[in-house]
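Numbering (our numbering), first residue to last: 14 to 167.
We put the beta carbon where it would ideally sit given N, CA and C, even for glycine.
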Amino acid sequence: MKEDIKVPLPVPNYLLSTLETKCARCRKGKMFKNGISISLKRNMEMPDNCPVCSQPLEIEVGFYYGTGYVSYALTVALSVAVFVAYWVLIGISINDNSLYYYLGVNIVVLILSMPYIMRLSRSLWLSFFVKYDPQWQVTDPEKPERNIEGQMKN
Ligand SMILES: [Zn+2]
């Protein structure tokens, strides 16, 4: 669909664009080069800048180290959600082995969702530091001050 630049665009929803791992500034550009993949390298490959608004996606050296906390929180939240779902749908009792079956199911769910959780953590992390810019089509993104050539992407 072709969009007319002069018409102000509706603001894309924060939650949806974050869940879709879109750039935090324009909420349109994709943060990742490839589709979700079981290959760690392919899964996490990112362009240097947003392909739509040219927002730098790594705004300082080691920027994404902090995603460890985000993915931990997401993993705990997912485990709780699986626990509740298991409890409601199948039932958990301390008198049989159902708690162990839940743990087995949870491990499978966590492994399967890991590639997406890693991406979602980066998307959330970037959204904590880069705000949506309604003027993204006409203004330049903020220049990162602490980028050191040759020390990025580690
Ligand atoms: Zn963008």
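Straight-line Cα distance separating residue j from residue i
{"i": "Trp138", "j": "Trp149", "result": "20 Å"}
{"i": "Ser106", "j": "Leu87", "result": "25 Å"}
{"i": "Thr80", "j": "Tyr129", "result": "13 Å"}
{"i": "Ile124", "j": "Tyr78", "result": "20 Å"}
{"i": "Phe141", "j": "Asn108", "result": "44 Å"}
For residue i, the first and last residue of its enclosing alpha helix (DSSP H)
{"i": "Tyr77", "result": "That residue, Tyr77, is in no alpha helix (DSSP H); it is neither H nor E in DSSP."}
{"i": "Ile130", "result": "Ser111 to Phe142"}
{"i": "Lys54", "result": "Leu53 to Met57"}
8 Å contact criterion, which residue i and residue j should meet: CB distance rounded
{"i": "Val143", "j": "Ala37", "result": "4 Å"}
{"i": "Ser84", "j": "Ser52", "result": "Between Ser52 and Ser84 the Cβ distance is about 18 Å, and since that is not below 8 Å, they are no contact."}
Nearest neighbour of residue i, chosen from the options [CA to CA]
{"i": "Pro154", "options": "Asn47, Cys63, Leu22 and Leu29", "result": "Cys63"}
7 Å Cβ shell around residue i - same chain, five flanking residues per side excluded
{"i": "Ser136", "result": "Thr31, Thr34 and Met44"}
{"i": "Ser50", "result": "Asn56 and Pro128"}
Own chain partners of residue i with C-beta closer than 8 Å, once the 5 adjacent residues on each side are dropped
{"i": "Gly42", "result": "Lys35, Cys36, Cys63, Pro64, Val65, Cys66 and Gln68"}
{"i": "Phe96", "result": "Ile105, Tyr115 and Asn119"}
6 Å Cβ shell around residue i - same chain, five flanking residues per side excluded
{"i": "Pro147", "result": "none"}
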